[in-house]
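Enquirer: Using this note's numbering, read the sequence shown as starting at 867 and increasing by one per residue.
Note that beta-carbon positions come from the ideal geometry of N, C-alpha and C, so glycine has one too.
This one's a predicted model, so the numbers in the text were calculated from it and none came from an experiment.
Here it is: the structure, laid out below.
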Amino acid sequence: MLSQLHITNLRNLTDISFQPASGINLILGDNGAGKTTLLEAIHILSLAKSFRTRTLKSAVQFGHKELQIIARTDKDMPVGLNYSHDSGLKIRLNSAPLKRTSELAVQLPLQFIPANCHQFFEKGPRYRRQLLDWGLFHVEPSFNFHWQSYRKSIQQRNSALRQHKKVEEIQLWDAQISLHGEAITQLRQIHLEQLLLEFKLIFARLCPSYAEANYEIKYKTGWLKGEPLAASLVKSISRDRQLGYTRSGSHAADWSFRINDIDPADVFSRGQQKLFYIALCMAQAKITAHINNEKTILLLDDISSELDAHHQNNVLEELTRLPAQVFLTATNLKLKEGHKIHVFHVEHGTLQLKNA
């Protein structure tokens, strides 16, 4: 959680400092004022990458050579990130140089909900796996070990496939892939059970018309149903050699929550799809906070997109219950009395507190 934030030369934000609230921070402003850029700064600080561009080079303000984002956490830990066209990316955590960006994610667990988050249903299995694995990374200590070991073994096997090595050499990696792939699958399935329990409660409040619905998990392991991964790797070796990569494994998994035995993508409106994704992220944040006894950071861009005023207020009500530090943006938002929300206004790259 952040107690202070200072942004320099990030897109149209030349020099901004502010002290966010520990609860909900609403950023208002016209289109192009810099609302999403403020969320982008927090995203970069937590993950060392932007959600708007592949490289930070294009995020540096025109006419300048570097951007800088400096913050202090609620534990009084300083975090600093500097990107320069000349020297590249430099990160300091607690006044010491950072070697692995994963350490940033541990210190600043973050969930990002983009304005077009309804595309969760359209972007394919990889996008859905990433959401699930984010939760596991933050709540299950063994997950990162299994995932990194699995990824390295898959890379080695694929390299052997591309080089047309002998079958025996290719299959040297099968044991490690099977060991860690099976472990990843088990961890994912356990986490999905926990996620569904929280999701059902949250989604029922966000979208009351589905309060009495039946929910179930649909999980595809990424290999042939009813047999271990090791057996699938053996069966698919000829096809893998033709393709030059490994088809079966945890990297090919997919999942969904079916509602009343129907895929939500087939019946939900875009607004309902957005509420579905918001509920998933809220459930992840709640589980993470419960296990780690620490608030996560939740970024929600353009709450009014696809949602009417009634459902916007449902989201705000749920956010007040959530153990998270929230940053959300809107061009305009009518607040009900009683909402404890800090409202900031962005205009021409400057930020002002409207109320507290």
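Below 8 Å on the Cβ atoms is my contact criterion, and I expect Leu853 with Leu1164 to pass it. Report the Cβ-Cβ distance as a whole number of Å.
Expert: This structure does not reach residue 853, given that the chain is present from 867 up to 1222, and the question cannot be answered.
Enquirer: DSSP three-state label for Glu1006, please.
Expert: The answer is coil: DSSP assigns Glu1006 none of H, G, I, E or B.
Enquirer: Are the CB atoms of Leu1185 and Ile873 within a distance shorter than 8 Å?
Expert: Result no, Cβ atoms of Ile873 and Leu1185 do not sit closer than 8 Å.
Enquirer: Among residues of its own chain, excluding the 5 on either side of Asp1167, which ones have a beta-carbon nearer than 6 Å to its beta-carbon?
Expert: For Asp1167, where only same-chain residues beyond five positions count, the Cβ hits under 6 Å are Thr902, Leu905, Pro980, Ala981, Thr1195.
Enquirer: Given 8 Å as the limit, is there contact between the segment 1080-1100 and the segment 1108-1122, that is, 3 or more CB pairs closer than that?
Expert: The segment 1080-1100 is in contact with the segment 1108-1122.
Enquirer: Measuring only the C-alpha atoms, how far is Gly884 from Gln870?
Expert: Residue identity check: residue 884 is Phe in the sequence provided, not Gly. Cα to Cα, Phe884 sits roughly 6 Å from Gln870.
Enquirer: By the DSSP assignment, the alpha helix (DSSP H) with Asn1159 in it spans what residues?
Expert: Looking at the DSSP string, Asn1159 is not in any alpha helix (DSSP H), and its letter there is neither H nor E.
Enquirer: On the DSSP bridge assignment, give the partners of Asp1120 in chain order.
Expert: Bridge partners of Asp1120: Lys1086.
Enquirer: Identify which residue in Val945, Thr1216, Gly1110, Pro991 has its Cα closest to the Cα of Leu974.
Expert: The candidate whose alpha carbon is nearest that of Leu974 is Val945.
Enquirer: In or out: Ile1169 buried (at least 16 other Cβ within 10 Å) or exposed?
Expert: Buried: at least 16 other Cβ atoms inside 10 Å.
Enquirer: Can you give me the C-alpha to C-alpha distance between Leu959 and Lys1140, rounded to a whole angstrom?
Expert: Their Cα atoms are separated by approximately 34 Å.
Enquirer: Output the boundary residues of the beta strand (DSSP E) element that contains Val972.
Expert: Unbroken run through Val972 is the alpha helix (DSSP H), 968-973; no beta strand (DSSP E).
Enquirer: In terms of DSSP beta bridges, what is Pro963 paired with?
Expert: BP columns for Pro963 point to Arg958.
Enquirer: Tell me the rounded alpha-carbon separation between Ile1068 and Gln1138.
Expert: Cα to Cα, Ile1068 sits roughly 13 Å from Gln1138.
Enquirer: List the endpoints of the continuous alpha helix (DSSP H) containing Phe1065.
Expert: That run of the alpha helix (DSSP H) goes 1040-1072.
Enquirer: Run the CB neighbour count on Phe1011, radius 10 Å, all protein chains shown included, and call it buried at 16 or more, exposed below.
Expert: The residue is exposed, with fewer than 16 neighbouring Cβ atoms inside 10 Å.
Enquirer: Just curious, the beta strand (DSSP E) that Pro1130 is in, first and last residue?
Expert: No beta strand (DSSP E) holds Pro1130; the alpha helix (DSSP H) holding it covers 1130-1133.
Enquirer: With a threshold of 8 Å, are at least 3 pairs of Cβ atoms found where one atom belongs to the segment 1147-1162 and the other to the segment 1074-1088?
Expert: The segment 1147-1162, when compared against the segment 1074-1088, does not touch it at the 8 Å Cβ threshold.
Enquirer: Exposed or buried, what is Arg1028 when buried is set at 16 or more other beta-carbons lying within 10 Å of its beta-carbon?
Expert: When all chains shown are included, Arg1028 counts as exposed.
Enquirer: By the 10 Å Cβ neighbour count, where 16 or more other Cβ atoms means buried, how is Leu1219 classified, buried or exposed?
Expert: Exposed, by the Cβ-count rule.
Enquirer: Using CA atoms only, rank isn't needed, just tell me which of Ala971, Arg920, Gln1037, Ala907 is closest to Asn948.
Expert: Answer by Cα proximity: Ala907.
Enquirer: Classify Leu1141 as helix, strand or coil using the three-state DSSP reduction.
Expert: Three-state DSSP puts Leu1141 in a helix.
Enquirer: If we ignore side chains and look at the alpha-carbon of each, how far apart do Ile1207 and Glu1059 end up?
Expert: Going by the C-alpha atoms only, they are around 32 Å apart.
Enquirer: Quick check on Ser916: buried or exposed, where buried means 16 or more other Cβ atoms within 10 Å of its Cβ?
Expert: Ser916 should be labelled buried.
Enquirer: How far does the alpha helix (DSSP H) with Asn1179 in it extend, from its first residue to its last?
Expert: Taken as a continuous stretch (DSSP letters only), the alpha helix (DSSP H) holding Asn1179 covers 1175-1187.
Enquirer: Determine whether the beta carbon atoms of Ser1015 and His1046 lie at a separation below 8 Å.
Expert: Yes.
Enquirer: Please report the straight-line C-alpha distance between Gly1001 and Ala1119, rounded to a whole angstrom.
Expert: The straight-line gap from Cα to Cα measures roughly 16 Å.
Enquirer: Using a 10 Å radius around the Cβ and a threshold of 16 neighbouring Cβ atoms, would you call Glu1048 buried or exposed?
Expert: With 16 or more other Cβ atoms within 10 Å, it is buried.
Enquirer: Using three-state DSSP, classify Ile873 as helix, strand or coil.
Expert: Reduced to three states, the DSSP call for Ile873 is strand.
Enquirer: Tell me the rounded alpha-carbon separation between Arg992 and Gln1037.
Expert: Taking the straight line joining both Cα atoms gives about 25 Å.
Enquirer: Could you give the distance in angstroms between the alpha-carbon of Lys965 and the alpha-carbon of Ser1044?
Expert: Those two C-alpha atoms are separated by around 30 Å.
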